[in-house]
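There are 2 protein chains.
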Amino acid sequence: MTATINTRDRIIEAAKSRFHSRSYADVGIKEICDTALIQKGSFYHFFPSKRDLVLAVIDEFASEWADGFVAEAFDPALPPMERFSYMVDAAYYWQKSVKEKHGKMPGCLFGNLALEISTKDDILRSRLNAVFAHAKSRFKEALDEAIERKEIAPLDTDLTAEAMLAYLEGMILFAKAQNDPEVIYKLGSGLMSIRIELDSNSIN
Amino acid sequence: MTATINTRDRIIEAAKSRFHSRSYADVGIKEICDTALIQKGSFYHFFPSKRDLVLAVIDEFASEWADGFVAEAFDPALPPMERFSYMVDAAYYWQKSVKEKHGKMPGCLFGNLALEISTKDDILRSRLNAVFAHAKSRFKEALDEAIERKEIAPLDTDLTAEAMLAYLEGMILFAKAQNDPEVIYKLGSGLMSIRIELDSNSIN
DNA sequence: TTGACAGTTGACCGTGCGGTCAACTAATCT
DNA sequence: AGATTAGTTGACCGCACGGTCAACTGTCAA
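First to last, the protein sequences are chains A and B. With the first letter of the first sequence counted as 1, position 125 gets the number 124 in numbering that gives the first Met the number 0; the numbers rise by one all the way through. With the first letter of the second sequence counted as 1, position 198 gets the number 197 in numbering that gives the first Met the number 0; the numbers rise by one all the way through.
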């Protein structure tokens with residue numbers, strides 16, 4: 000049993016880093032098995048299909064991310080608007096360190112998968128949306144708090160939170176396209192300038 | 000000769016829409032040939048490899064885009080800051096119309112390819128960067144003009160232009176992940192709020 | 001009329017993919 | 001001791017992929 004859990008984890012671990020740094024389509028099950036030091040048959044004992052694996056990888060990575068540096072950045076002890084720059088810094092240093100190790104910026108696993116797969120698989124797509132929605136709620140909390148403390152002028156916190164997250168993904172996309180983490184550093188301060196005003200659409 | 004040009008164009012046309020709405024890896028040469036009503040051998044008469052095809056598709060689509068609604072949006076006759084909302088509107092309506100036709104939002108071809116391929120092929124990556132750089136220069140011109148006309152307070156136009164383009168890509172990514180063009184509509188106004196101030200890094 | 005050549009055909013190749021399966025191993029439970 | 005069951009093995013399957021090639025077709029210049 001101990002060995003079992005271990006095997007499953009090794010599969011997910013091997014898949015996670017490869018899906019992240021390359022793509023879903025580009026990474027074969029054979030390669031994952033070789034890395035995890037198992038045979039194909041053993042893989043299919045734990046996962047009915049490759050698709051189920053990537054689902055598990057998303058879940059694993061999402062909770063790692065949420066409990067890891069998203070939680071760190073959105074620490075209620077920090078002044079709300081500082082949480083955003085903390086988040087940007089974390090993204091920057093992380094991407095930078097991966098690039099130094101492997102020569103390539105991997106970008107954001109969720110963003111990568113969203114663009115690669117979301118036209119092909121609605122369940123995967125909605126799983127990724129759930130991850131984004133969770134991050135967005137952290138952003139929104141911070142904005143609400145900032146307004147409450149009168150650190151920023153009132154705005155549509157729901158839409159602005161989504162906009163900020165979109166900007167974060169866009170920055171990472173750009174940085175990946177240039178294979179240069181410094182892009183995140185240079186564009187980071189733009190995140191805090193984004194505002195979507197209250198009136199525009201909502202009537203609630 | 001007329002037929003020749005026609006064939007090459009048909010290949011690119013078939014590939015363009017499929018690469019855009021699905022992905023590079025997911026679309027096979029066989030399928031492209033079937034759509035273009037030719038045989039495989041004929042395909043390889045025009046393109047040495049699949050990679051060369053996607054390069055041609057990028058070039059084709061880039062000039063279509065630049066001469067098409069980027070040129071339209073960044074018409075010097077328009078007030079500079081209005082050009083951005085024109086751009087957002089164009090993206091919105093386009094994505095919406097494709098979704099209505101095919102049920103899925105395709106997103107941005109360049110963004111899609113950038114995330115799918117840029118860790119695997121540096122030449123493709125730099126080609127995509129050139130496309131982004133071109134769009135960015137249009138953004139920058141508009142910002143420079145807006146400052147000159149005192150419609151906005153001075154800022155780092157180079158970085159802000161890049162930030163705005165990143166935001167645009169991020170919005171489209173989010174909209175695609177939710178398969179909902181309205182996301183672009185809702186988040187659009189955030190584009191004009193982005194500012195990256197002058198002092199931060201540059202000493203020139 | 002002939003030769004050259006761009007364009008086209010369709011059969012073909014090797015490879016690697018996702019996935020299957022019957023047999024084996026080793027703990028766990030009765 | 002015997003049965004059950006989770007985990008593992010490695011050979012195997014069918015298929016679709018990117019790419020090749022010798023032969024054919026039609027056009028146009030000399």
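The beta-carbon is built from N, C-alpha and C at its ideal position, and this holds for glycine as well.
Kindly say whether residue i, judged by its beta-carbon, lies nearer than 8 Å to any beta-carbon of chain A.
| i | result |
| --- | --- |
| Phe73 (chain B) | no |
| Asn203 (chain B) | Residue placement at Asn203 (chain B) cannot be trusted, given a pLDDT of 38 that sits under 50; what the coordinates show is reported in the next sentence. Not closer than 8 Å to any Cβ of chain A, the Cβ of Asn203 (chain B) fails to qualify, so no. |
| Pro105 (chain B) | yes |
| Leu232 (chain B) | Nothing about residue 232 (chain B) can be reported from this structure: the residues present for chain B run from 0 to 203 only. |
| Asn128 (chain B) | yes |
| Leu54 (chain B) | no |
| Asp198 (chain B) | no |
Here's a check: name, in chain order, each residue in its chain whose Cβ is nearer than 6 Å to the Cβ of residue i, leaving out the five neighbours to either side.
| i | result |
| --- | --- |
| Met170 (chain B) | Ile183 and Leu186 |
| Leu148 (chain A) | Here the sequence assigns Arg to residue 148 (chain A), which means Leu is not the residue at that position. Same-chain partners within the cutoff: there are none. |
| Asp155 (chain A) | Ile195 and Leu197 |
| Ile151 (chain A) | Ala145 |
| Val97 (chain A) | Pro105 |
| Ile31 (chain B) | Ala13 and Ala14 |
Step through the CB atoms of chain B and report whether any lies within less than 8 Å of the CB of residue i.
| i | result |
| --- | --- |
| Thr156 (chain A) | no |
| Ile193 (chain A) | yes |
| Lys29 (chain A) | no |
| Lys175 (chain A) | yes |
| Asn5 (chain A) | no |
| Glu115 (chain A) | yes |
| Gly67 (chain A) | no |
For residue i, I'd like the list of residues in its chain whose CB is within less than 7 Å of its CB, leaving aside the five on either flank, ordered along the chain.
| i | result |
| --- | --- |
| Lys103 (chain A) | Ser20 and Asn178 |
| Val56 (chain A) | Ile11, Ala14, Lys15 and Phe18 |
| Ala174 (chain A) | Gln94, Met104, Pro180, Val182 and Ile183 |
| Leu218 (chain A) | Examination of residue 218 (chain A) is not possible in this model, given that chain A is present from 0 through 203 alone. |
| Tyr23 (chain A) | Val53, Leu112, Glu115 and Ile116 |
| Ile193 (chain B) | Thr159, Ala162, Met163 and Tyr166 |
Give the residues of chain B in contact with residue i, contact being defined as C-beta atoms less than 7 Å apart.
| i | result |
| --- | --- |
| Met170 (chain A) | Ala165 |
| Arg50 (chain A) | In chain order: nothing, as chain B lies at least about 14 Å away. |
| Leu77 (chain A) | Correct list: empty, because the minimum Cβ distance to chain B is about 21 Å. |
Going by C-alpha distance, which of the options is nearest residue i?
| i | options | result |
| --- | --- | --- |
| Phe73 (chain A) | A:Glu144, A:Gly189 and A:Leu108 | A:Glu144 |
| His101 (chain A) | B:Arg50, B:Ile31, B:Thr118 and B:Ala129 | B:Thr118 |
| Val26 (chain A) | B:Asp33, B:Glu115 and B:Val130 | B:Glu115 |
| Ala65 (chain A) | A:Val130, A:Asp8 and A:Ile28 | A:Val130 |
| Ile122 (chain A) | A:Glu30, A:Arg194, A:Lys98 and A:Val53 | A:Val53 |
| Ala61 (chain A) | A:Leu108, A:Glu71 and A:Glu30 | A:Leu108 |
| Ser125 (chain A) | B:Ala176, B:Ile193, B:Ser136 and B:Lys39 | B:Ala176 |
| Asp33 (chain B) | B:Arg9, B:Pro47, B:Lys139 and B:Ala134 | B:Arg9 |
| Val69 (chain A) | A:Arg137, A:Ile146, A:Glu161 and A:Asp157 | A:Arg137 |
| Leu158 (chain B) | B:Glu150, B:Leu172 and B:Glu140 | B:Glu140 |
| Glu63 (chain A) | A:Met80, A:Ala134, A:Glu161 and A:Ile31 | A:Ala134 |
| Leu127 (chain A) | A:Pro47, A:Asp51, A:Asp58 and A:Met80 | A:Asp58 |
Kindly list the residues whose CB is nearer than 8 Å to the CB of residue i, restricted to its own chain and excluding five residues on each side of it in sequence; keep chain order.
| i | result |
| --- | --- |
| Thr6 (chain A) | Ala35, Ile37, Ser41 and Phe45 |
| Ala76 (chain B) | none |
| Glu71 (chain B) | Tyr85 and Ala89 |
| Lys29 (chain B) | Lys39 |
| Met80 (chain B) | Ala141, Ala145, Glu150, Ile151 and Met191 |
| Gly110 (chain B) | Glu168, Ile171 and Leu172 |
| Asp120 (chain A) | Arg50 |
Counting only Cβ pairs nearer than 8 Å, list the residues of chain A close to residue i.
| i | result |
| --- | --- |
| Asp25 (chain B) | Ala24 and Lys119 |
| Leu186 (chain B) | Leu158, Glu161, Ala162, Ala165 and Ile195 |
| Phe18 (chain B) | Under the 8 Å cutoff, chain A gives no residues; its nearest Cβ is about 11 Å from Phe18 (chain B). |
| Phe131 (chain B) | Phe173 and Ala176 |
For residue i, which residues in chain A fall below 9 Å Cβ to Cβ?
| i | result |
| --- | --- |
| Leu123 (chain B) | Chain A residues near Leu123 (chain B): none, gap ~10 Å exceeds 9 Å. |
| Arg21 (chain B) | Thr118 and Lys119 |
Under 7 Å from any heavy atom of the ligand MG, does the C-beta of residue i make it?
| i | result |
| --- | --- |
| Cys32 (chain A) | This structure lacks the ligand MG; in fact it carries no ligand of any kind. |
Run down chain A in chain order and give the residues with a C-beta less than 7 Å from the C-beta of residue i.
| i | result |
| --- | --- |
| Leu142 (chain B) | Correct list: empty, because the minimum Cβ distance to chain A is about 13 Å. |
Using a C-beta to C-beta distance shorter than 9 Å, which residues of chain B count as neighbours of residue i?
| i | result |
| --- | --- |
| Gly40 (chain A) | Ordered by position in chain B, no residue passes the 9 Å Cβ test against Gly40 (chain A), which lies about 26 Å from the chain. |
Runs of beta strand (DSSP E) lying entirely within the stretch 128–166 of chain A, each at least 3 residues, in chain order: none
Run through the stretch 34–115 of chain B for me and flag every whole alpha helix (DSSP H) of 4 or more residues, listed as ranges in chain order. 39–45, 49–64 and 79–101
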